[in-house]
Amino acid sequence: MEPDVLTNGNTAQAAIPPSPVRLNDHLSESLKLEDQFIKVPFEHLKKSMRTSTRTVEKEMNAVMTGVAEAAEKDMSKEEAVQHLTSLVSRLQGLKRKLDESNKSEQLKVQKCRARLDHLSMLRTENRHEWNNTRVKRILVDYMLRLSYYDTAMKLAESCNIQ
Numbered sequence: 001m002e003p004d005v006l007t008n009g010n011t012a013q014a015a016i017p018p019s020p021v022r023l024n025d026h027l028s029e030s031l032k033l034e035d036q037f038i039k040v041p042f043e044h045l046k047k048s049m050r051t052s053t054r055t056v057e058k059e060m061n062a063v064m065t066g067v068a069e070a071a072e073k074d075m076s077k078e079e080a081v082q083h084l085t086s087l088v089s090r091l092q093g094l095k096r097k098l099d100e101s102n103k104s105e106q107l108k109v110q111k112c113r114a115r116l117d118h119l120s121m122l123r124t125e126n127r128h129e130w131n132n133t134r135v136k137r138i139l140v141d142y143m144l145r146l147s148y149y150d151t152a153m154k155l156a157e158s159c160n161i162q
């Protein structure tokens, strides 16, 4: 992007606001820099969902195999009850894992939503405020990368950008 060049003493040209095309170019450049800001939590969410799906498929296949075995075998009543009890406990374990996974995924969805809301503020709110928030977020990220965890957390809390 080229800086605006003003003719010496031409105040009429200085009073002209930037054209919408230039503003849109600036917005698209800003959003290009924000790619990782959105991509990282979204990728974590996708990975978590894939893991949950694999867990459900694996456990359900094991339970269905166990049910098929119970149907094919000639078991005593006690053996059948014990076998079915083990299958029920396995399903209860799956339910517990899915509840934990659901909570984790909800937090990740909230994080994605907050980041999308932050980006949507670029068009609606004061750009100066948005840029200040962005710089503070970049500083927090930089401090975390340098292992200044406490300082980064204090800055994030003070700016409400957790």
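Here the sequence shown stands for residues 1 to 162, where the numbers follow the UniProt record's numbering.
Cβ atoms here follow ideal geometry from the backbone N, Cα and C, with glycine treated the same way.
Short check: CB of residue i to CB of residue j, under 7 Å?
i: L45; j: K95; result: no
i: R137; j: I161; result: yes
i: V56; j: R90; result: no
i: R127; j: F37; result: no
i: G66; j: L87; result: yes
Along the alpha helix (DSSP H) that carries residue i, what are the first and last residues, could you check?
i: E129; result: 127-145
i: N160; result: Counting along the chain, N160 falls outside any alpha helix (DSSP H), and DSSP gives it neither H nor E.
i: E69; result: 35-72
Use the C-beta contact count for residue i: other C-beta atoms within 10 angstroms, 16 or more gives buried, fewer gives exposed.
i: R113; result: exposed
i: V140; result: buried
i: R134; result: buried
i: Y142; result: exposed
i: Y149; result: exposed
Since I believe residue j is in contact with residue i (beta carbons under 8 Å), could you give me their beta-carbon distance rounded to a whole number of angstroms?
i: S104; j: S48; result: 6 Å
i: H83; j: A68; result: Actually they are not in contact, since the Cβ atoms of H83 and A68 sit about 12 Å apart, beyond 8 Å.
i: S147; j: S101; result: The pair is not a contact, with the Cβ atoms about 30 Å apart (cut-off 8 Å).
i: P41; j: K154; result: Not a contact, Cβ separation roughly 22 Å.
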